[in-house]
Amino acid sequence: YWSMKYGDGADVIYYAYANKEFTDLEGEPKPLFIPENKKSCIDGDIVYKDGIYHLFYKTEGHGNGIRVATTRSLTSGQWEEEPDYKQQTPEAVEGAGTFKLIGQNKYILMYDVYMKGKYQFTETTDLKNFKVIDSEVKMNFHPRHGTIIPITRAELKRITDKWPSKEMGNMTIPNNPVLQGFHADPEILYSHQTKKYYIYSTTDGQPGWGGWYFSVFSSDNLKDWKDEGVMLDLKSDQVAWADGNAWAPCIEEKMVDGKYKYFFYFSGNPVAGGGKQIGVAVADSPIGPFKDLGHPIITESPVGHGQQIDVDVFTDPVSGKSYLYWGNGYMAGAELNEDMVSIKKNTLTVLTPKGGSLKDYAFREAAYVFYRNGLYYFMWSVDDTGSPNYHVAYGTSKSPLGPIKVAKKPVVLIQDPAKEIYGPAHNAVLQIPGTDEWYIVYHRINKNFIDREKGPGVHREVCIDRMEFNPDGTIRKVVPTL
(Lines of atoms letter the chains of each structure in order from A; the text may use other names.)
(Lines give C-alpha, C1' and ligand atoms only; values in the text may rest on other atoms or scores of the structure.)
Protein backbone atom coordinates (compact mmCIF):
# COMPACT_ATOMS: atom_id res chain seq x y z
CA TYR A 12 0.00 0.00 0.00
CA TRP A 13 1.12 3.53 -0.74
CA SER A 14 -0.12 7.08 -1.34
CA MET A 15 -0.73 8.50 -4.77
CA LYS A 16 -2.76 11.10 -6.59
CA TYR A 17 -5.16 10.12 -9.38
CA GLY A 18 -6.09 12.87 -11.82
CA ASP A 19 -7.17 16.02 -10.01
CA GLY A 20 -8.09 14.09 -6.87
CA ALA A 21 -6.38 14.22 -3.51
CA ASP A 22 -3.46 12.04 -2.47
CA VAL A 23 -4.98 8.96 -0.84
CA ILE A 24 -3.78 5.50 0.15
CA TYR A 25 -4.09 2.69 -2.42
CA TYR A 26 -3.32 -1.01 -2.27
CA ALA A 27 -2.55 -3.86 -4.66
CA TYR A 28 -1.38 -7.47 -4.39
CA ALA A 29 2.06 -8.63 -5.48
CA ASN A 30 2.57 -11.74 -7.57
CA LYS A 31 4.15 -14.86 -6.06
CA GLU A 32 7.59 -13.88 -7.34
CA PHE A 33 7.22 -10.42 -5.82
CA THR A 34 8.28 -8.89 -9.13
CA ASP A 35 5.06 -7.16 -10.19
CA LEU A 36 1.61 -6.11 -9.04
CA GLU A 37 -1.50 -8.10 -9.91
CA GLY A 38 -4.48 -6.08 -11.09
CA GLU A 39 -5.22 -2.39 -10.89
CA PRO A 40 -4.57 -0.59 -7.57
CA LYS A 41 -7.66 0.18 -5.50
CA PRO A 42 -8.25 2.77 -2.79
CA LEU A 43 -7.52 1.41 0.68
CA PHE A 44 -8.44 4.47 2.73
CA ILE A 45 -10.10 7.76 1.80
CA PRO A 46 -10.80 10.18 4.68
CA GLU A 47 -14.36 11.32 5.24
CA ASN A 48 -13.34 14.87 4.30
CA LYS A 49 -11.96 13.56 0.98
CA LYS A 50 -8.72 15.41 1.55
CA SER A 51 -5.16 14.17 1.21
CA CYS A 52 -3.66 11.45 3.40
CA ILE A 53 -0.15 10.08 2.94
CA ASP A 54 2.56 8.03 4.66
CA GLY A 55 0.35 5.15 5.77
CA ASP A 56 1.55 2.47 8.18
CA ILE A 57 -0.64 -0.34 9.55
CA VAL A 58 -0.32 -2.28 12.80
CA TYR A 59 -2.65 -5.10 13.92
CA LYS A 60 -3.81 -5.32 17.55
CA ASP A 61 -6.62 -7.31 19.19
CA GLY A 62 -8.41 -8.05 15.91
CA ILE A 63 -8.28 -4.46 14.70
CA TYR A 64 -6.13 -2.86 12.01
CA HIS A 65 -4.79 0.57 12.98
CA LEU A 66 -3.76 2.79 10.06
CA PHE A 67 -1.42 5.62 11.01
CA TYR A 68 -1.31 8.33 8.35
CA LYS A 69 -0.36 11.95 7.83
CA THR A 70 -2.89 14.61 6.93
CA GLU A 71 -1.65 16.79 4.08
CA GLY A 72 -2.65 20.40 3.42
CA HIS A 73 -5.32 20.52 6.15
CA GLY A 74 -3.58 20.36 9.47
CA ASN A 75 -0.24 18.68 9.73
CA GLY A 76 0.18 15.57 11.80
CA ILE A 77 -0.34 11.89 12.44
CA ARG A 78 -3.87 10.52 12.76
CA VAL A 79 -5.32 7.01 13.06
CA ALA A 80 -8.18 5.16 11.39
CA THR A 81 -9.28 1.64 12.38
CA THR A 82 -11.09 -1.27 10.76
CA ARG A 83 -11.68 -4.99 11.24
CA SER A 84 -11.41 -5.67 7.50
CA LEU A 85 -8.59 -4.00 5.58
CA THR A 86 -10.22 -3.89 2.16
CA SER A 87 -13.82 -3.26 3.26
CA GLY A 88 -13.60 0.51 2.99
CA GLN A 89 -15.25 0.73 6.42
CA TRP A 90 -13.00 2.86 8.59
CA GLU A 91 -13.49 4.72 11.87
CA GLU A 92 -11.37 7.86 12.09
CA GLU A 93 -10.01 9.06 15.41
CA PRO A 94 -10.24 12.86 15.71
CA ASP A 95 -6.96 13.65 17.51
CA TYR A 96 -3.39 13.93 16.30
CA LYS A 97 -0.94 11.42 17.75
CA GLN A 98 2.41 13.22 17.48
CA GLN A 99 3.79 14.62 20.74
CA THR A 100 5.42 17.72 19.27
CA PRO A 101 4.20 21.03 17.80
CA GLU A 102 6.76 20.67 15.00
CA ALA A 103 5.88 19.45 11.50
CA VAL A 104 6.08 15.65 11.15
CA GLU A 105 5.72 12.93 8.53
CA GLY A 106 6.54 9.28 7.88
CA ALA A 107 4.91 7.56 10.85
CA GLY A 108 6.23 4.09 11.63
CA THR A 109 4.53 1.87 14.20
CA PHE A 110 5.66 -1.50 15.55
CA LYS A 111 5.27 -3.81 18.55
CA LEU A 112 8.22 -4.52 20.82
CA ILE A 113 9.04 -8.21 20.81
CA GLY A 114 7.91 -9.98 23.96
CA GLN A 115 6.25 -6.88 25.43
CA ASN A 116 2.79 -5.33 25.43
CA LYS A 117 4.24 -2.07 24.15
CA TYR A 118 4.21 -0.35 20.78
CA ILE A 119 6.49 2.33 19.37
CA LEU A 120 5.27 5.19 17.19
CA MET A 121 8.13 7.04 15.54
CA TYR A 122 7.94 9.90 13.07
CA ASP A 123 10.26 12.18 11.14
CA VAL A 124 10.39 15.72 12.57
CA TYR A 125 11.60 16.74 9.16
CA MET A 126 12.11 20.46 9.71
CA LYS A 127 14.47 19.59 12.58
CA GLY A 128 16.23 16.70 10.83
CA LYS A 129 15.52 14.16 13.55
CA TYR A 130 13.17 11.40 14.67
CA GLN A 131 10.93 11.41 17.72
CA PHE A 132 10.05 8.13 19.43
CA THR A 133 6.91 7.57 21.50
CA GLU A 134 5.60 4.57 23.43
CA THR A 135 2.06 3.27 23.96
CA THR A 136 0.21 0.21 25.22
CA ASP A 137 -3.22 1.02 23.73
CA LEU A 138 -2.31 2.81 20.44
CA LYS A 139 -4.23 5.83 21.72
CA ASN A 140 -2.10 7.48 24.39
CA PHE A 141 1.58 8.12 23.66
CA LYS A 142 4.54 9.29 25.71
CA VAL A 143 7.89 10.51 24.41
CA ILE A 144 10.85 8.18 25.07
CA ASP A 145 13.59 9.99 23.14
CA SER A 146 15.99 9.64 26.10
CA GLU A 147 15.78 5.84 25.81
CA VAL A 148 16.77 5.75 22.12
CA LYS A 149 20.26 6.23 20.72
CA MET A 150 21.29 6.34 17.05
CA ASN A 151 24.73 7.03 15.60
CA PHE A 152 23.25 7.99 12.22
CA HIS A 153 20.45 10.25 10.95
CA PRO A 154 17.69 8.24 9.24
CA ARG A 155 14.90 9.99 7.39
CA HIS A 156 11.36 8.82 6.67
CA GLY A 157 12.04 5.15 7.43
CA THR A 158 10.33 2.07 8.78
CA ILE A 159 11.27 -0.91 10.94
CA ILE A 160 10.75 -4.63 10.36
CA PRO A 161 11.73 -7.59 12.56
CA ILE A 162 14.31 -10.04 11.23
CA THR A 163 15.50 -13.39 12.50
CA ARG A 164 19.05 -14.00 13.70
CA ALA A 165 19.62 -16.16 10.59
CA GLU A 166 18.53 -13.26 8.37
CA LEU A 167 20.83 -10.90 10.27
CA LYS A 168 23.74 -13.25 9.68
CA ARG A 169 23.05 -13.42 5.94
CA ILE A 170 22.86 -9.63 5.76
CA THR A 171 26.09 -9.04 7.69
CA ASP A 172 27.87 -11.78 5.77
CA LYS A 173 26.89 -10.09 2.51
CA TRP A 174 27.56 -6.52 3.67
CA PRO A 175 30.03 -6.70 6.58
CA SER A 176 30.62 -3.58 8.63
CA LYS A 177 32.95 -2.58 11.43
CA GLU A 178 30.26 -0.29 12.77
CA MET A 179 27.47 -2.70 13.65
CA GLY A 180 24.36 -1.44 15.42
CA ASN A 181 23.65 -2.05 19.08
CA MET A 182 23.51 -5.62 20.37
CA THR A 183 20.11 -6.52 21.81
CA ILE A 184 20.30 -6.83 25.58
CA PRO A 185 17.31 -8.24 27.46
CA ASN A 186 15.82 -6.83 30.61
CA ASN A 187 18.18 -7.12 33.56
CA PRO A 188 19.19 -9.32 35.32
CA VAL A 189 20.56 -11.53 32.54
CA LEU A 190 21.12 -14.68 34.63
CA GLN A 191 18.61 -16.58 36.72
CA GLY A 192 19.34 -16.85 40.42
CA PHE A 193 21.86 -15.01 42.56
CA HIS A 194 25.31 -14.35 41.09
CA ALA A 195 27.92 -11.66 41.73
CA ASP A 196 31.32 -10.30 40.71
CA PRO A 197 30.81 -11.16 37.03
CA GLU A 198 33.58 -11.70 34.51
CA ILE A 199 32.78 -11.86 30.80
CA LEU A 200 34.82 -13.43 27.99
CA TYR A 201 34.42 -13.51 24.23
CA SER A 202 36.09 -16.69 23.01
CA HIS A 203 37.73 -16.54 19.59
CA GLN A 204 37.79 -20.33 19.60
CA THR A 205 34.04 -20.88 20.02
CA LYS A 206 32.73 -17.46 18.86
CA LYS A 207 30.60 -17.31 22.00
CA TYR A 208 30.35 -15.13 25.10
CA TYR A 209 30.86 -16.55 28.60
CA ILE A 210 29.99 -15.21 32.06
CA TYR A 211 31.81 -16.46 35.16
CA SER A 212 30.65 -15.33 38.60
CA THR A 213 30.62 -15.76 42.34
CA THR A 214 27.76 -18.06 43.31
CA ASP A 215 25.66 -15.90 45.64
CA GLY A 216 22.84 -16.42 48.12
CA GLN A 217 24.98 -18.09 50.80
CA PRO A 218 25.37 -16.52 54.27
CA GLY A 219 28.71 -14.80 54.75
CA TRP A 220 29.48 -14.94 51.03
CA GLY A 221 30.02 -18.66 51.58
CA GLY A 222 29.71 -19.95 48.01
CA TRP A 223 32.23 -22.69 47.23
CA TYR A 224 31.95 -23.23 43.47
CA PHE A 225 31.99 -21.33 40.18
CA SER A 226 29.51 -21.81 37.33
CA VAL A 227 29.85 -20.72 33.72
CA PHE A 228 27.14 -19.49 31.34
CA SER A 229 27.41 -19.27 27.54
CA SER A 230 25.63 -17.22 24.88
CA ASP A 231 26.06 -16.44 21.21
CA ASN A 232 24.00 -13.24 21.33
CA LEU A 233 24.31 -11.73 24.85
CA LYS A 234 20.60 -12.40 25.23
CA ASP A 235 20.02 -16.10 25.76
CA TRP A 236 22.31 -17.65 28.38
CA LYS A 237 22.89 -21.37 28.85
CA ASP A 238 24.03 -22.73 32.20
CA GLU A 239 27.07 -24.87 31.36
CA GLY A 240 27.30 -26.11 34.95
CA VAL A 241 29.91 -26.02 37.69
CA MET A 242 33.40 -25.55 36.26
CA LEU A 243 35.41 -25.35 39.50
CA ASP A 244 34.43 -26.68 42.95
CA LEU A 245 36.60 -25.66 45.91
CA LYS A 246 35.12 -28.35 48.16
CA SER A 247 36.05 -31.10 45.72
CA ASP A 248 39.46 -32.55 44.93
CA GLN A 249 39.73 -30.07 42.02
CA VAL A 250 41.35 -27.54 44.37
CA ALA A 251 43.61 -28.93 47.10
CA TRP A 252 44.69 -25.67 48.75
CA ALA A 253 41.25 -24.04 49.32
CA ASP A 254 37.89 -25.22 50.65
CA GLY A 255 35.46 -22.33 50.23
CA ASN A 256 34.71 -18.64 49.66
CA ALA A 257 34.98 -19.00 45.88
CA TRP A 258 35.00 -15.33 44.99
CA ALA A 259 35.36 -12.91 42.10
CA PRO A 260 36.93 -14.82 39.20
CA CYS A 261 38.51 -13.66 35.96
CA ILE A 262 39.66 -15.49 32.85
CA GLU A 263 41.98 -14.98 29.88
CA GLU A 264 42.07 -16.78 26.54
CA LYS A 265 45.61 -17.22 25.18
CA MET A 266 47.11 -18.99 22.19
CA VAL A 267 49.83 -21.36 23.46
CA ASP A 268 51.80 -23.45 20.95
CA GLY A 269 49.06 -23.03 18.37
CA LYS A 270 46.25 -24.07 20.73
CA TYR A 271 43.80 -22.08 22.83
CA LYS A 272 44.31 -22.18 26.58
CA TYR A 273 42.10 -20.66 29.27
CA PHE A 274 43.59 -19.31 32.50
CA PHE A 275 40.98 -18.94 35.25
CA TYR A 276 42.02 -16.87 38.28
CA PHE A 277 40.02 -16.88 41.51
CA SER A 278 40.24 -16.30 45.25
CA GLY A 279 39.52 -18.88 47.92
CA ASN A 280 39.75 -19.60 51.60
CA PRO A 281 43.02 -21.51 52.14
CA VAL A 282 42.91 -24.75 54.10
CA ALA A 283 46.06 -23.66 55.89
CA GLY A 284 44.41 -20.43 57.07
CA GLY A 285 45.85 -16.95 56.84
CA GLY A 286 43.20 -15.05 54.89
CA LYS A 287 42.01 -15.15 51.30
CA GLN A 288 44.47 -16.07 48.56
CA ILE A 289 44.45 -16.21 44.77
CA GLY A 290 44.88 -19.28 42.60
CA VAL A 291 44.67 -20.28 38.95
CA ALA A 292 43.23 -23.20 37.01
CA VAL A 293 43.84 -24.03 33.33
CA ALA A 294 41.70 -25.62 30.60
CA ASP A 295 41.54 -26.15 26.85
CA SER A 296 37.91 -24.98 26.68
CA PRO A 297 36.05 -21.99 28.16
CA ILE A 298 33.78 -24.39 30.06
CA GLY A 299 36.50 -26.77 31.24
CA PRO A 300 37.44 -29.17 32.58
CA PHE A 301 39.80 -26.93 34.56
CA LYS A 302 42.86 -28.17 36.40
CA ASP A 303 44.05 -26.16 39.38
CA LEU A 304 47.76 -25.35 39.65
CA GLY A 305 47.84 -27.02 43.07
CA HIS A 306 48.82 -23.98 45.13
CA PRO A 307 47.94 -20.27 45.33
CA ILE A 308 49.92 -17.73 43.32
CA ILE A 309 49.14 -14.62 45.43
CA THR A 310 49.36 -15.19 49.18
CA GLU A 311 50.33 -11.90 50.82
CA SER A 312 49.34 -8.24 50.73
CA PRO A 313 52.05 -5.90 49.43
CA VAL A 314 50.83 -3.20 51.83
CA GLY A 315 50.43 -5.31 54.97
CA HIS A 316 46.64 -5.15 55.15
CA GLY A 317 43.54 -6.01 53.13
CA GLN A 318 42.61 -9.24 51.42
CA GLN A 319 43.99 -10.97 48.34
CA ILE A 320 40.71 -11.05 46.39
CA ASP A 321 39.01 -9.54 43.33
CA VAL A 322 41.58 -10.60 40.79
CA ASP A 323 41.61 -9.23 37.23
CA VAL A 324 43.71 -10.29 34.24
CA PHE A 325 44.55 -8.04 31.29
CA THR A 326 46.59 -8.60 28.14
CA ASP A 327 48.02 -5.41 26.70
CA PRO A 328 47.24 -5.24 22.95
CA VAL A 329 50.24 -2.94 22.49
CA SER A 330 52.97 -5.11 24.02
CA GLY A 331 51.26 -8.50 24.16
CA LYS A 332 52.21 -8.77 27.85
CA SER A 333 49.67 -9.98 30.41
CA TYR A 334 49.09 -8.46 33.84
CA LEU A 335 47.32 -9.46 37.04
CA TYR A 336 45.54 -7.00 39.37
CA TRP A 337 44.01 -7.67 42.77
CA GLY A 338 43.27 -6.33 46.26
CA ASN A 339 40.68 -5.29 48.82
CA GLY A 340 41.64 -2.05 50.57
CA TYR A 341 44.47 -1.65 48.08
CA MET A 342 45.07 -2.17 44.35
CA ALA A 343 48.14 -4.10 43.26
CA GLY A 344 49.33 -5.07 39.80
CA ALA A 345 52.13 -7.16 38.35
CA GLU A 346 53.22 -8.54 35.01
CA LEU A 347 52.58 -12.25 34.51
CA ASN A 348 55.31 -14.56 33.31
CA GLU A 349 54.81 -16.23 29.96
CA ASP A 350 53.46 -19.32 31.73
CA MET A 351 50.48 -17.18 32.91
CA VAL A 352 50.54 -18.94 36.30
CA SER A 353 53.16 -16.83 38.09
CA ILE A 354 54.00 -13.15 38.39
CA LYS A 355 57.23 -11.25 37.84
CA LYS A 356 57.77 -10.14 41.43
CA ASN A 357 60.06 -7.29 40.43
CA THR A 358 57.13 -5.69 38.57
CA LEU A 359 54.76 -5.74 41.57
CA THR A 360 53.29 -2.24 41.89
CA VAL A 361 50.85 -0.71 44.36
CA LEU A 362 48.37 1.27 42.25
CA THR A 363 45.75 2.35 44.80
CA PRO A 364 44.11 5.62 43.67
CA LYS A 365 44.62 8.29 46.33
CA GLY A 366 41.90 10.34 47.97
CA GLY A 367 38.23 10.50 47.22
CA SER A 368 35.27 9.70 49.43
CA LEU A 369 32.43 7.19 49.51
CA LYS A 370 30.47 9.69 47.42
CA ASP A 371 32.88 9.51 44.49
CA TYR A 372 36.06 7.47 44.04
CA ALA A 373 37.53 6.20 47.33
CA PHE A 374 39.01 2.83 46.35
CA ARG A 375 37.63 -0.32 47.98
CA GLU A 376 38.09 -3.30 45.62
CA ALA A 377 37.34 -4.95 42.25
CA ALA A 378 39.94 -3.46 39.90
CA TYR A 379 39.26 -3.92 36.19
CA VAL A 380 41.56 -2.83 33.35
CA PHE A 381 40.99 -2.39 29.61
CA TYR A 382 42.63 -0.50 26.74
CA ARG A 383 41.10 1.92 24.23
CA ASN A 384 42.66 4.48 21.87
CA GLY A 385 46.01 4.78 23.60
CA LEU A 386 44.69 4.84 27.16
CA TYR A 387 44.59 2.21 29.87
CA TYR A 388 41.32 2.47 31.78
CA PHE A 389 41.25 1.41 35.44
CA MET A 390 37.84 0.81 37.02
CA TRP A 391 37.13 -0.05 40.65
CA SER A 392 34.32 -0.32 43.20
CA VAL A 393 33.62 2.16 46.00
CA ASP A 394 32.02 1.47 49.42
CA ASP A 395 30.91 -1.91 50.81
CA THR A 396 29.34 -4.58 48.60
CA GLY A 397 26.34 -4.68 50.96
CA SER A 398 25.70 -0.94 50.65
CA PRO A 399 23.17 0.53 48.21
CA ASN A 400 25.89 3.13 47.53
CA TYR A 401 28.32 0.49 46.18
CA HIS A 402 29.34 1.97 42.82
CA VAL A 403 31.95 2.12 40.06
CA ALA A 404 34.61 4.81 39.57
CA TYR A 405 37.50 5.06 37.11
CA GLY A 406 40.74 6.68 36.07
CA THR A 407 43.22 6.34 33.22
CA SER A 408 46.92 5.81 32.67
CA LYS A 409 49.49 5.73 29.90
CA SER A 410 50.82 2.45 31.30
CA PRO A 411 49.27 -0.86 32.42
CA LEU A 412 51.03 -0.39 35.77
CA GLY A 413 50.08 3.23 36.36
CA PRO A 414 50.22 5.78 37.74
CA ILE A 415 46.45 6.26 37.60
CA LYS A 416 44.91 9.67 36.97
CA VAL A 417 41.42 9.77 38.47
CA ALA A 418 38.82 11.11 36.04
CA LYS A 419 37.33 14.57 36.67
CA LYS A 420 33.90 12.91 36.71
CA PRO A 421 34.92 9.53 38.11
CA VAL A 422 31.55 7.90 38.84
CA VAL A 423 30.56 5.56 36.00
CA LEU A 424 27.72 3.58 37.56
CA ILE A 425 25.72 4.20 40.75
CA GLN A 426 22.38 3.30 42.33
CA ASP A 427 19.02 4.59 41.09
CA PRO A 428 16.56 4.23 44.01
CA ALA A 429 13.65 5.50 41.89
CA LYS A 430 14.05 2.34 39.79
CA GLU A 431 14.88 0.19 42.83
CA ILE A 432 18.41 -0.36 41.51
CA TYR A 433 20.89 -0.67 44.38
CA GLY A 434 24.60 -1.32 44.72
CA PRO A 435 25.51 -1.67 41.00
CA ALA A 436 29.24 -2.36 40.91
CA HIS A 437 32.04 -4.96 40.76
CA ASN A 438 32.13 -4.82 37.00
CA ALA A 439 33.77 -6.27 33.94
CA VAL A 440 33.83 -4.71 30.47
CA LEU A 441 33.13 -6.23 27.07
CA GLN A 442 34.14 -4.86 23.67
CA ILE A 443 32.23 -6.39 20.77
CA PRO A 444 35.01 -7.81 18.56
CA GLY A 445 35.95 -5.61 15.61
CA THR A 446 33.86 -2.65 16.82
CA ASP A 447 33.99 0.30 19.18
CA GLU A 448 30.87 -0.99 20.93
CA TRP A 449 31.26 -1.54 24.66
CA TYR A 450 29.22 -3.02 27.48
CA ILE A 451 29.58 -2.98 31.25
CA VAL A 452 28.74 -6.19 33.09
CA TYR A 453 28.10 -5.81 36.81
CA HIS A 454 26.06 -7.02 39.74
CA ARG A 455 23.43 -5.22 41.77
CA ILE A 456 21.64 -6.07 45.02
CA ASN A 457 18.26 -7.73 44.47
CA LYS A 458 15.67 -5.14 45.51
CA ASN A 459 13.93 -7.61 47.82
CA PHE A 460 17.11 -7.98 49.91
CA ILE A 461 18.15 -4.38 50.35
CA ASP A 462 17.16 -4.48 54.05
CA ARG A 463 20.29 -5.23 56.09
CA GLU A 464 18.34 -7.67 58.26
CA LYS A 465 17.87 -9.81 55.15
CA GLY A 466 21.60 -10.08 54.57
CA PRO A 467 22.34 -7.42 51.93
CA GLY A 468 25.28 -8.14 49.72
CA VAL A 469 24.69 -11.88 49.41
CA HIS A 470 21.65 -11.72 47.12
CA ARG A 471 23.08 -10.12 44.01
CA GLU A 472 22.23 -10.44 40.33
CA VAL A 473 24.18 -9.95 37.11
CA CYS A 474 23.29 -7.16 34.67
CA ILE A 475 24.57 -5.82 31.33
CA ASP A 476 24.28 -2.26 30.03
CA ARG A 477 25.76 -0.23 27.19
CA MET A 478 28.87 1.84 28.01
CA GLU A 479 29.72 4.84 25.84
CA PHE A 480 32.58 7.31 25.52
CA ASN A 481 32.71 11.04 24.92
CA PRO A 482 34.83 12.33 22.02
CA ASP A 483 37.67 13.11 24.46
CA GLY A 484 37.76 9.49 25.65
CA THR A 485 36.04 10.03 28.99
CA ILE A 486 33.41 7.48 29.94
CA ARG A 487 29.81 8.64 29.93
CA LYS A 488 27.89 7.88 33.09
CA VAL A 489 26.00 4.62 32.60
CA VAL A 490 22.25 4.63 33.21
CA PRO A 491 21.45 1.26 34.82
CA THR A 492 18.39 -0.40 33.32
CA LEU A 493 15.74 -2.77 34.60
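For the sequence shown, the working numbering begins at 12 and goes up steadily by one.
Heads up, the beta-carbon is just placed ideally off N, CA and C, and yes, glycines get one too.
Owing to the predicted nature of the structure, the values given are computational and were not obtained by experimental measurement.
1. Which whole runs of the alpha helix (DSSP H) in the segment 341-423 are 4 residues long or more, in chain order?
2. Would you check if there are 3 or more beta carbon pairs closer than 8 Å linking the segment 362-372 to the segment 412-432?
3. Using DSSP's beta-bridge definition, name the partner residues of Q318.
4. To the nearest angstrom, how far is it from the Cα of N348 to the Cα of P307?
5. Enumerate, from N- to C-terminal direction, the unbroken beta strand (DSSP E) stretches of 3 or more residues contained entirely within the segment 209-272.
6. Could you tell me which whole alpha helix (DSSP H) segments of length 4 or greater appear in the segment 64-141?
7. Express the C-alpha separation of E431 and N400 in angstroms, rounding to a whole number.
8. Could you tell me the distance, in whole angstroms, from the CA atom of T396 to the CA atom of A257?
9. Can you tell me which of the three DSSP states E147 falls into?
10. Would you say V322 and C261 are within 7 Å of each other, going by their C-beta atoms?
11. Check whether the Cβ atoms of Y64 and I57 sit closer than 7 Å, and answer yes or no.
12. On the CB-based measure, 16 or more other CB atoms within 10 Å of its CB, does Y17 come out buried or exposed?
13. Does the contact criterion of 3 or more C-beta pairs under 8 Å hold for the segment 473-488 versus the segment 447-461?
14. Considering just the uninterrupted stretch of the beta strand (DSSP E) at L200, what are its terminal residues?
15. Express the C-alpha separation of Y433 and P185 in angstroms, rounding to a whole number.
16. With DSSP as the reference, label P281 as helix, strand or coil.
17. May I have the straight-line CA-CA distance separating K117 from T135, to the nearest angstrom?
18. Short check: CB of G55 to CB of L66, under 7 Å?
19. Below 8 Å on the Cβ atoms is my guess for V403 versus V380; work out the distance and round it to an integer in Å.
20. Count the other CB atoms within 10 Å of the CB of L43; is the residue buried (16 or more) or exposed (fewer)?
21. Counting only the same chain and skipping the five closest in sequence on each side, list residues whose C-beta sits under 8 Å from that of E47.
22. Going by Cα to Cα distance, which pick from R383, T310, G221 is closest to K356?
23. What is the C-beta distance between D196 and Y224, in whole angstroms, given that I count them as a contact (C-beta under 8 Å)?
24. Hey, how far is the Cα of K177 from the Cα of Y125?
25. In the DSSP assignment, find the unbroken beta strand (DSSP E) run with K16 in it and report its ends.
26. Measuring CB to CB, does Y208 end up less than 7 Å from S230?
27. Sort out for me which residues DSSP pairs Q288 with in a bridge.
28. From P491 to D427, what distance separates their C-alpha atoms?
29. Considering only the beta carbon of each residue, do N481 and H470 sit closer than 7 Å?
30. So F301 and M242 are in contact, right, with Cβ under 8 Å, and what is the actual spacing, rounded?
31. Please go through the same chain and pick out, in chain order, the residues whose beta-carbon is closer than 8 Å to the beta-carbon of G366, but skip the five residues on each side of it.
32. Of all the options Q191, S368, T213, A259, which has the alpha carbon lying nearest to the alpha carbon of D4?
33. Can you say whether K69 is buried or exposed, counting buried as having 16 or more other CB atoms within 10 angstroms of its CB?
34. DSSP beta-bridge partners for L36?
35. What are the partner residues of E472, as DSSP defines its beta bridges?
36. Please return the same chain residues whose Cβ sits closer than 8 Å to the Cβ of D483, not counting the five positions on each side in sequence.
According to the data block:
1. Secondary structure in the segment 341-423: no alpha helix (DSSP H) run of 4 residues or longer lies completely within the stretch.
2. The segment 362-372, when compared against the segment 412-432, does touch it at the 8 Å Cβ threshold.
3. DSSP output for Q318 lists N339 as bridge partner(s).
4. Counting only the Cα atoms, P307 lies some 15 Å from N348.
5. Qualifying beta strand (DSSP E) stretches, in chain order: 224-230, 237-244, 258-267.
6. Counting only runs of 4 or more, we get nothing.
7. Distance between the alpha carbons of N400 and E431: 12 Å.
8. Approximately 16 Å, taken between the alpha carbons.
9. In the structure shown, E147 sits in a helix (DSSP, three-state: H, G or I).
10. For V322 and C261, yes; Cβs fall inside 7 Å.
11. In contact: Y64 and I57 (Cβ atoms closer than 7 Å).
12. Its Cβ having fewer than 16 others within 10 Å, Y17 is exposed.
13. Short answer: they touch.
14. Taken as a continuous stretch (DSSP letters only), the beta strand (DSSP E) holding L200 covers 194-202.
15. Confidence at P185 is low in this model, with a pLDDT of 48, below 50, so its placement is unreliable and the value that follows should be read with caution. So the alpha carbons of these two residues sit roughly 19 Å apart.
16. Of the three classes helix, strand and coil, the one that applies to P281 here is strand, per DSSP.
17. Distance between the alpha carbons of K117 and T135: 6 Å.
18. Yes.
19. In this structure V403 is not in contact with V380, their Cβ atoms being roughly 13 Å apart against a cut-off of 8 Å.
20. Buried, by the Cβ-count rule.
21. Correct list, in chain order: E92.
22. The candidate whose alpha carbon is nearest that of K356 is T310.
23. Not quite, the Cβ-Cβ distance comes to about 14 Å (not below 8 Å), so this is no contact.
24. No answer about K177 holds up, because its pLDDT of 48 lies below 50 and its placement is not dependable.
25. Start and end: 13-16.
26. The Cβ-Cβ distance between Y208 and S230 falls below 7 Å.
27. Paired residues: G279.
28. Cα to Cα, P491 sits roughly 8 Å from D427.
29. Taking 7 Å as the Cβ cut-off, N481 and H470 do not qualify as a contacting pair.
30. That pair is a contact at about 6 Å.
31. Y372, A373, V417, listed in sequence order.
32. Limits of the chain in this structure are 12 at one end and 493 at the other, which puts residue 4 out of reach.
33. So K69 ends up on the buried side.
34. DSSP lists A29 as partners of L36.
35. Its beta-bridge partners are R455.
36. Cβ-Cβ distances below 8 Å link D483 to nothing in the same chain once the five nearest sequence neighbours on each side are left out.
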